[in-house]
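Only one structure is covered here, and it is reproduced in the block below.
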Amino acid sequence: MEKQYTTRKAVADAINIPEDTVWRLARQKKIPFIKVGRAYRFNLDEVIEALKGQVK
Numbered sequence: 001m002e003k004q005y006t007t008r009k010a011v012a013d014a015i016n017i018p019e020d021t022v023w024r025l026a027r028q029k030k031i032p033f034i035k036v037g038r039a040y041r042f043n044l045d046e047v048i049e050a051l052k053g054q055v056k
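Under UniProt numbering, the residue at position 25 of the sequence shown is numbered 25, and the numbers go up by one with no gaps.
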């Protein structure tokens, strides 16, 4: 199955956090992303799994 990548805004809306938090987590390499040109794209399933691992 092909992975679907989405924007920072879509991730923020899906998991109900501010866009700035998504950006900060990506810069800190706490959530996975790919870079397409100058844009960053996120796989929502991978982001959710990464955040599950960080919750204590």
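Every residue, glycine too, gets a C-beta built ideally from N, C-alpha and C.
- If you compare the alpha carbons of Arg38, Ile31, Gly37 with that of Ile48, the shortest gap goes to Ile31.
- Ranked by how close their Cα comes to the Cα of Ala50, the residues Lys35, Lys9, Ile15 have Ile15 in first place.
- Contact between Lys9 and Asn43 is absent: CB atoms are separated by about 15 Å, not below the 8 Å threshold.
- With contacts defined by Cβ atoms closer than 9 Å, Tyr40 and Trp23 form a contacting pair.
- Assignment of Ile34 by DSSP, reduced to helix, strand and coil, places it in the strand class.
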